[in-house]
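Undergrad:
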Amino acid sequence: MTTASEERLKILQMLEEGKITAQEATTLLRALGGRRSAGPGAPGPGGTHRYLRIQVTDMTSGSAKVNVTIPTGLVSVGLRMAERFAPEFEGFDMQELEELLASGAAGKIVEVMDEEDNERVEIYVE
278 MTTASEERLK ILQMLEEGKI TAQEATTLLR ALGGRRSAGP GAPGPGGTHR YLRIQVTDMT
338 SGSAKVNVTI PTGLVSVGLR MAERFAPEFE GFDMQELEEL LASGAAGKIV EVMDEEDNER
398 VEIYVE
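Numbering (the working numbering), first residue to last: 278 to 403.
1. What is the DSSP secondary structure of Glu388, reduced to helix, strand or coil?
2. Based on DSSP bridge pairs, tell me the residues matched to Arg285.
3. Under the three-state reduction of DSSP, which class applies to Glu393: helix, strand or coil?
4. Cβ of Glu403 within 7 Å of Cβ of Arg285?
5. How many whole angstroms separate the CB atoms of Thr304 and Leu351, which I take to be in contact at a CB cut-off of 8 Å?
6. Contact check, Glu396 vs Met336 under 8 Å by CB: the rounded distance?
7. Among the residues of its own chain, which have a CB less than 6 Å from the CB of Glu388, if the five just before and after it don't count?
8. Would you decide whether Thr308 is buried or exposed? Buried here means 16 or more other CB atoms lie within 10 Å of its CB.
9. For Arg330, which beta-bridge partners are listed by DSSP?
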C-alpha cells in the first residue's frame with residue numbers, strides 16, 4: 278500500500294495540476310493526518326477503516342495517470358474528483374455508488390473505459 282507521504286505528494290501534485298481545488302486538497306490532507314489516530318474512514322468488518330481508491334490508467338502506455346486513496350468517510354469529495362477526471366460519469370448514478378459503499382462492498386466496484394481519451398477509470402474499496 279502507498280505510504281502516507283507518497284499520498285500527500287500525489288494530492289499536492291493533483292492540486293498543482295489543477296485536478297482538485299485547494300479545499301479538496303486540504304480535506305484529503307487532513308484525512309491522511311487522521312490515519313494515525315481513529316481516522317475518518319468508515320470502519321469496515323473487524324473495526325478496520327476502509328478506503329476508496331480511484332485509479333485512472335492511460336491505456337496506450339499502461340501507466341497510471343491518477344492513483345489516489347481516500348477514506349470512505351470522504352466519499353463525496355472522491356466522487357467529485359472522479360467526475361472531474363472522467364466527465365463521462367455524467368450519466369452515472371453517484372447515489373447508487375454511495376449506497377454500495379454503505380452496504381459493505383469491497384474490491385473493484387466501478388470500471389469505466391473512455392474510448393475517446395483511451396483511459397480506464399477504476400474505483401476500488403479496500
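Just so you know, even glycine gets a beta-carbon here, dropped at the ideal spot from N, CA and C. Just so you know, these numbers come straight off a predicted model, no measurement behind them.
TA: Reading it off the structure:
1. Indexing the sequence shown from 1 puts residue 388 at position 111. Three-state result, Glu388: strand.
2. In the sequence shown, residue 285 corresponds to position 8, counting from 1. Partner(s): none; Arg285 has no beta bridge.
3. As a first step, residue 393 must be located in the sequence shown, where it is residue number 116. Residue state, collapsed to three classes: coil.
4. For the purposes of this step, residue 403 is taken as residue 126 along the sequence shown, with counting starting at 1. For the purposes of this step, residue 285 is taken as residue 8 along the sequence shown, with counting starting at 1. Cβ atoms of Glu403 and Arg285: not closer than 7 Å.
5. Indexing the sequence shown from 1 puts residue 304 at position 27. Indexing the sequence shown from 1 puts residue 351 at position 74. About 6 Å; that satisfies the 8 Å criterion.
6. As a position in the sequence shown, residue 396 is number 119, starting the count at 1. As a position in the sequence shown, residue 336 is number 59, starting the count at 1. Yes, they are in contact, since the Cβ atoms of Glu396 and Met336 sit about 6 Å apart, within 8 Å.
7. Stepping through the sequence shown from its first residue, residue 388 is reached at position 111. Hits under 6 Å: Glu399.
8. Indexing the sequence shown from 1 puts residue 308 at position 31. One point to set straight first is that residue 308 is Ala, not Thr, in the sequence displayed. The residue in question, Ala308, is buried, as its Cβ has 16 or more Cβ neighbours within 10 Å.
9. Numbered from 1 along the sequence shown, position 53 holds the residue referred to as residue 330. Beta-bridge pairing links Arg330 to Thr346 and Tyr401.
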